[in-house]
Each structure stands twice: as C-alpha cells, then as structure tokens.
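A short write-up of the structure that comes next.
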Amino acid sequence: MYDTLMQALAEVDRPSDVCTSGDLPLTMPGLVVEGLGTLHLPLGGSQARELIGHCRQAPYGKGTKTLVDTAVRRVWELDAKSVQFTNPKWTLLIDSIIGKVQQKLGLESCKLTAHLYKLLVYETGSFFLPHRDGEKLDRMVATLVVVLPSVHEGGALIVSHDGHQHEVTFSGAASGYELSYAAFYADCQHEVKP
C-alpha cells in the first residue's frame, strides 16, 4: 500500500516550490504595541531596544516540552494579543501577499487566511537553529513571515525540504524602506542565521 501511495503522489502534477519570497513597497502598518504605543518604521536602534524591553525570550518546542535555551533560539517575542495593525490598508497588503503565496506554492484552489501568531524581534546575533514549526492552528499548511522595515545585516532564512535548500535574504540596502516576506510549507525544516 505504501509503494502505491508513493507512486500516486509522485505522479501528481504540482509545483515544486515549497518556499516563496518577495519584497513590496512599504505600506505603513500602523503598528501599535501594548504599553509602548505606535512604532515608527523603519525601526531604529533605540526604538528596537524599547520594544525588546516589552518582549520575553522566545521559547521553542522539543517534543511535548516548551523550553527557553538561547543556545538553540535567541529571539524576542510578543504575543499577538499585545500587537495591533491599525492601518486598514495593512489587511489588503497581507491579502495580496497571500494571493502571491497561493500561486507560488500551488494552493490557488485553497482558501488561505493569515493569522498573527507572534511578533518576533531579532537583534544583532539572534538566530534559530534548524527546526520545524508545530501546527499552530488546525489545517495549518504554511508559515508566512513578514519582515518590517529595519536597516540590518544578517538574518537569512534557510528553508530545507527533500534535499533542496532555499535561502531568503532580508537584509540589504533597501531593508529599511520596503516590506519583505517569505512563506513555506509547514513541514519544511528552516532556520534563521545570525
């Protein structure tokens, strides 16, 4: 039965992309953080430090345990309930990204919606070792990463699946002036480099 299933899956005509990414002109999100107020973009050093002061060290899952270990993951996080995007055009922008993701990942026939899970803050030297995301919601098929404007270096996302690697670089001369995104199937292994 296994061999029959694997043969049938091999014959399915679907795109080979398991990861997609892009850059878009900045739409100001109207990002409001509870206890901090509205953040101005691109995010500068002092405002980033102030934001980190409202965050907690991000944990990771290992089996049934949730652990904090900065040798595995050195990132700051805020829960979605502490974050608001107040610009009505922000939702339209996210919807347009979802449309691009659907096309590139071969999910045009699926109804996809994005759900904010966490706001992550990567500072100099931050990283996350190779891992797979746990399912955050029922029927979760992909992870969408949206990178807000901030002048920085490093932070490449490496997505691996079936012996292939995709590297997404979010840094560069325009990183302070545009929005970047990446999306990949939820079963892909991925890491964030320092």
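Residues 61 to 254 in our numbering are what the sequence shown spells out, letter by letter.
Glycine included, C-beta positions come from ideal geometry on N, C-alpha and C.
This one's a predicted model, so the numbers in the text were calculated from it and none came from an experiment.
Take Glu94 and list the residues in its own chain whose beta-carbon comes closer than 7 Å to its own, dropping the five residues that flank it on each side. Residue mapping note: residue 94 aligns to position 34 of the sequence shown, counting from 1. Apart from sequence neighbours up to five positions away, the residues of its chain that approach Glu94 with a beta-carbon distance below 7 Å are Ser142, ordered along the chain.
Measure the C-alpha to C-alpha separation of Gly236 and Ile157 and round it to an integer number of angstroms. Along the sequence shown, read from residue 1 onward, the residue named residue 236 stands at position 176. Along the sequence shown, read from residue 1 onward, the residue named residue 157 stands at position 97. Those two C-alpha atoms are separated by around 19 Å.
May I have a chain-ordered list of the beta strand (DSSP E) segments no shorter than 3 residues that lie completely inside the region 115-196? For the region 115-196, whole beta strand (DSSP E) runs of length 3 or above, ordered along the chain, are 120-122, 125-127, 136-139, 143-145, 178-181 and 187-191.
Determine the contact status of Ser240 and Gly214, defining contact as a CB-CB distance below 8 Å. Taking the first residue of the sequence shown as 1, we reach residue 240 at position 180. Taking the first residue of the sequence shown as 1, we reach residue 214 at position 154. No, these two residues do not count as a Cβ contact at 8 Å.
Roughly how many angstroms separate the alpha carbons of Phe188 and Ala174, rounded to a whole number? As a first step, residue 188 is located in the sequence shown; it is residue number 128 there, counting from the start. As a first step, residue 174 is located in the sequence shown; it is residue number 114 there, counting from the start. If I take the Cα positions, the gap works out to 22 Å.
Should Leu152 go down as buried or exposed, given a rule of 16 or more other Cβ atoms within 10 Å for buried? The sequence position of residue 152 within the sequence shown is 92, counting from 1. Taking all protein chains shown into account, Leu152 has fewer than 16 neighbouring C-beta atoms within 10 Å of its C-beta and is therefore exposed.
Per DSSP, cross-strand counterpart(s) of Glu213: Start at 1 with the first residue of the sequence shown, and residue 213 comes out as number 153. Paired residue(s): none; Glu213 is not in a bridge.
Local conformation of Leu101 per DSSP, three classes: Here the question's residue 101 lines up with position 41 in the sequence shown. Leu101: coil per DSSP, three-state reduction.
On a Cα-Cα basis, can you pick out the residue from Gly82, Lys125 and Tyr182 that is closest to His212? Your numbering for residue 212 matches position 152 in the sequence shown. It is Tyr182.
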